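Keeping their order, the protein sequence lines are chains C and S.
Residue numbers in the first sequence follow full-length UniProt numbering, run continuously in steps of one, and reach 136 at the last position.
Residue numbers in the second sequence follow full-length UniProt numbering, run continuously in steps of one, and reach 136 at the last position.
Number of protein chains: 2
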Amino acid sequence: MKPGRFSVPAFPPPGHEALAPDRCRTVGNVLARIGDKWSVLVIMQLGEGSRRFSELRRAIGSISQRMLTLTLRGLERDGLISRTITPSIPPRVDYELTELGMSLREPVTALGRWAASNHDRIAAAQVHFDRRDTTG
Amino acid sequence: MKPGRFSVPAFPPPGHEALAPDRCRTVGNVLARIGDKWSVLVIMQLGEGSRRFSELRRAIGSISQRMLTLTLRGLERDGLISRTITPSIPPRVDYELTELGMSLREPVTALGRWAASNHDRIAAAQVHFDRRDTTG
DNA sequence: CTGGATCCCAAATGATACTG
DNA sequence: CAGTATCATTTGGGATCCAG
């Protein structure tokens, strides 16, 4: 950490502290974690039940083997999924949502419903914005 | 999806509707958009009311001018925020959530509540995972 | 004050080859 | 099958300078 004065942002005026910066950060952190390109897809897949590595790979389709591994490690590290190895030949590894992971499904699917309900409007807004850019 | 006499794989419990791969993509796209490092922070700030560029910059604190600009452009393109220019000197630009942006607050804050409730458990899981890695 | 343009570095992701 | 290791590429993001 650099020495010097760290700037403390002005406190929000009374009545405007519904969303503390603190909480914003927390949300930001969580979104930074599950908001990557793949985590949610994995979570939603596992939300339907236990899956093995190759099943997830096929189900998601476009994910590379490397990224699936990394994503699963990250989710496991966060305690959202569990990893069960069956040392057979060929080996088998099953992934499953933990209780914590299960509890995440609800807010995520809420966001999912929002996305499903509004992605038409978003797409339309994008087209509009881009047209203005090219035709303006 | 043609209903035949094939058995349907286990239904998710009520309230957790089936998660078609299609829908997963939609969610993934939306999360890819708002799940970046800054969008949510901006949205939550604007959730408290209209803000001008420099206010957002100060409030968020660690964001660079460049990223704030890019983030705002992205959100505007998605129709989540509106941009109002007042051609005074010095110029003034205010940002505000659109109706669409407002509607996003609810699912986002739901995720926020989840984050606030569970980030201790996540942190603990991470410590546990990392210990296993270094001491194992 | 707002924000575009440029340069540069770090992190994320993909492709491929290799291993138990 | 389920990874790991490595390399190449893409993307994210900060710093800085410049302009209306």
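Backbone N, C-alpha and C fix where the C-beta goes; we use that ideal spot for every residue, glycine too.
These numbers come from a predicted model, not from an experiment.
With a threshold of 8 Å between beta carbons, R77 (chain S) makes contact with chain C. Here DSSP, grouped into helix, strand and coil, assigns T98 (chain S) to coil. I122 (chain S) reaches chain C at D78 and G79, counting residues in chain order whose Cβ is nearer than 7 Å. When Cβ-Cβ separations below 8 Å define contact, Q126 (chain S) makes contact with chain C.
The residue among C:E99, C:T109, C:D36 and C:L72 with its C-alpha nearest the C-alpha of R51 (chain C) is C:L72. In this structure, L104 (chain S) keeps its C-beta atom at 8 Å or more from the C-beta atom of W38 (chain C). Going by C-alpha positions, R57 (chain C) is about 24 Å away from L111 (chain C).
Interface annotation, V108 (chain S): in contact with chain C, CB-CB separation under 8 Å. Taking all protein chains in view, the Cβ of A59 (chain S) is crowded by 16 or more other Cβ atoms within 10 Å, so the residue is classified as buried.
DSSP assignment within the UniProt domain "HTH hxlR-type" (24–123) of chain C yields the following whole beta strand (DSSP E) runs of 3 residues or more, N-terminal first: 81–86 and 92–97. Against chain C, the beta carbon of L104 (chain S) has neighbours under 9 Å at L111, W114 and N118, listed in chain order. Note on G49 (chain S): under 16 other CB atoms within 10 angstroms of its CB, so exposed under the neighbour-count rule. In this structure, the CA atom of L68 (chain C) is about 16 Å from the CA atom of T84 (chain C).
Nearest C-alpha to H128 (chain S) among C:S62, C:E76 and C:G35: C:E76. It is roughly 16 Å from the alpha-carbon of S62 (chain S) to the alpha-carbon of I43 (chain S). Close to G35 (chain C), with beta-carbon spacing below 8 Å, are these residues of chain S in chain order: L31, A32, I34, G35 and D36. The beta carbon of V40 (chain S) falls within 8 Å of a beta carbon belonging to chain C, placing the residue at that interface.
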